[in-house]
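Written below as structure tokens is the structure these notes are about.
2 protein chains.
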Amino acid sequence: MQQGAPHELDKSVLAVLKNPSDLIAAIAQDSTTHEVLMLAWMNQEALAQTIATGQATYWSRSRNELWIKGATSGHTQKVLAISLDCDGDALLLQVEQVGAACHTGSRNCFHNEISLAK
Amino acid sequence: MQQGAPHELDKSVLAVLKNPSDLIAAIAQDSTTHEVLMLAWMNQEALAQTIATGQATYWSRSRNELWIKGATSGHTQKVLAISLDCDGDALLLQVEQVGAACHTGSRNCFHNEISLAK
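Residue numbers (numbering that gives the first Met the number 0), protein chains in the order written: chain A, 0 to 117; chain B, 0 to 117.
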């Protein structure tokens, strides 16, 4: 699903990643409702493409390819802000979600509640 | 930091985990402000202990041990709800955060903003 030449991360970003060759956990949060929509993964190229295009692009671990969120479904994520965590191995994206974030059609992916002990 | 006998996951929970032997990414969200506080990791025992005690307990990848959040700092997380995502490999915790979630003293861990392309 990648289009055009591969994107590369700026050195200043690369420098703050804990393990630049590892996948980074990326949390997408609805910028308006603050709902946590999903967690996916980024490699360097996915992050660089997200930064460059403003459209959330992940690395699909099941398909082993770049995954422009919504390229097939139309359920895109416009990225308004990206923050890296204190130890450089997790990202938080503030997004405008079009339609459902989850492939099941749910607004978010976290719809399986686990009961706490009484 | 573990106390007492190890906790074990209920079979019904075990059945919905994608890869029960893998670490699971766990997002902690402030139940009141909806701020995403941090991302950490759980193994089966950490999740079972969290369910049983209602106190967020993670697996420290750097120390290779259970990590009751706030056991040292006092910055505990009371867990009000836990949800598993659609493909069974990420958790969202709704928590009451005491003090700062981040070891740097920040309220949350996502304080390194990455600039988007203009």
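In this text, a Cβ means the ideal position worked out from N, Cα and C, and glycines have one as well.
Keep in mind the model is a prediction, meaning the values are calculated, not measured.
Beta-carbon contacts of Q153 (chain B) that lie in its chain and below 8 Å, excluding the five residues immediately before and after: Here chain B comprises residues numbered 0 to 117, so residue 153 (chain B) is not present and cannot be evaluated.
8 Å Cβ shell around S30 (chain B) - same chain, five flanking residues per side excluded: Within the second sequence, numbered from 1, the residue matching residue 30 (chain B) stands at position 31. Cβ neighbours of S30 (chain B) beyond the five flanking positions: L79, A80, Q93, V94 and E95.
Three-state secondary structure assigned by DSSP to K77 (chain B): For this step, residue 77 (chain B) is matched to residue 78 along the second sequence. Three-state DSSP puts K77 (chain B) in a strand.
Residue burial classification, M46 (chain B) (beta-carbon count within 10 angstroms, cutoff 16): Looking up residue 46 (chain B) in the second sequence gives position 47. Per the sequence shown, the amino acid found at residue 46 (chain B) is Leu instead of Met. Counting the other CB atoms within 10 Å of its CB gives L46 (chain B) a total of 16 or more, which places it among the buried residues.
Three-state secondary structure (DSSP) of S20 (chain A): Position 21 of the first sequence, counting from 1, holds the residue named residue 20 (chain A). Coil, per DSSP.
Contact set between M37 (chain A) and chain B, taken where Cβ atoms lie within less than 9 Å: Counting from 1 along the first sequence, the entry for residue 37 (chain A) is found at position 38. Residues of chain B passing the Cβ test: D84, C85 and A89.
A71 (chain A) at chain B interface by Cβ criterion, 7 Å: To locate residue 71 (chain A), count along the first sequence from 1; it is residue 72. Residue 71 (chain A) is actually Thr in this sequence, not Ala. No - not a single Cβ of chain B is within 7 Å of the one on T71 (chain A).
Run of the beta strand (DSSP E) containing S72 (chain B), from where it starts to where it stops: Counting from 1 along the second sequence, the entry for residue 72 (chain B) is found at position 73. It is not in any beta strand (DSSP E) - S72 (chain B) carries neither H nor E in the DSSP assignment.
Boundaries of the alpha helix (DSSP H) in which T56 (chain A) is found, first to last residue: Here residue 56 (chain A) is taken as the residue at index 57 of the first sequence, counted from 1. Run containing T56 (chain A): none in the alpha helix (DSSP H); it sits in the beta strand (DSSP E), T56 to S59.
Under 7 Å (Cβ pairs) to chain C, residues found in the region 15 to 30 of chain B: As a matter of chain content, chain C is missing from the structure shown, whose protein chains are A and B.
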